[in-house]
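J.: Below is a structure I'd like to ask you about.
Numbering (my numbering), first residue to last: 31 to 186.
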């Protein structure tokens with residue numbers, strides 16, 4: 031797997047009887063197929079929990095939403111203390127550039143979720159923007175904020 035622009039992390043990996051590899055998902059508490067995108071997800075999730083203080087108990091992977099009568103999945107969602115969605119995180123494999131198309135995807139998800147923060151990472155480049163619904167705008171942040179800085183306690 032590709033080297034990522036994230037802190038060192040040694041995930042649990044196993045080989046199945048049919049020769050496929052799986053990686054331990056710390057949020058779902060199970061092994062899942064090891065794909066390049068999953069490699070990014072597990073490293074980024076570890077980064078949030080171990081280095082930025084995000085509580086594992088308030089994060090969920092593969093959150094289903096309905097958008098235009100179609101089921102979509104947010105890669106990871108962070109919830110506030112009162113269990114209101116606060117952040118959507120979208121992952122791409124390292125070979126996928128973060129483009130306007132990728133940003134548009136997470137923005138469409140946010141039409142349903144209405145979160146405070148949008149994060150996109152391909153394991154190499156990471157982007158975070160803070161939504162400002164009052165002024166109908168957003169601001170890109172220089173880095174992913176520490177959990178203590180985002181105060182996800184809103185009751186939208």
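All residues carry an ideal CB built from backbone N, CA and C; glycine is no exception.
I'd like the ranges of any beta strand (DSSP E) spanning at least 3 consecutive residues and lying wholly in the stretch 76-120.
T.: 89-97 and 100-109
J.: What first and last residue would you give for the beta strand (DSSP E) that runs through residue 161?
T.: 156-162
J.: Kindly indicate which residue of 39, 63 and 135 has the alpha-carbon position closest to the one of residue 74.
T.: 39
J.: Can you give me the start and stop residues for the alpha helix (DSSP H) that residue 138 sits inside?
T.: According to the DSSP assignment, residue 138 belongs to the alpha helix (DSSP H) that extends over 130-143.
J.: Kindly confirm or deny that the stretch 161-168 and the stretch 143-150 touch, where touching means at least three C-beta pairs closer than 8 Å.
T.: Contact between the stretch 161-168 and the stretch 143-150 is present, because at least three Cβ pairs lie under 8 Å.
J.: Tell me the DSSP secondary structure of residue 174 in three-state form.
T.: coil
J.: Report the three-state DSSP secondary structure of residue 72 (helix, strand or coil).
T.: helix
J.: Can you tell me whether residue 106 is buried or exposed? The criterion is at least 16 other CB atoms within 10 Å of its CB, across all chains shown.
T.: buried
J.: Applying the 10 Å Cβ sphere with the 16-neighbour rule, what's the burial state of residue 156?
T.: buried
J.: State whether the stretch 121-140 contacts the stretch 169-179, with contact taken as three or more CB pairs (one from each stretch) at a distance under 8 Å.
T.: no
J.: Here's the rule I'm using: 16 or more other beta-carbon atoms within 10 Å means buried, otherwise exposed. How should residue 80 be labelled?
T.: Its Cβ having fewer than 16 others within 10 Å, residue 80 is exposed.
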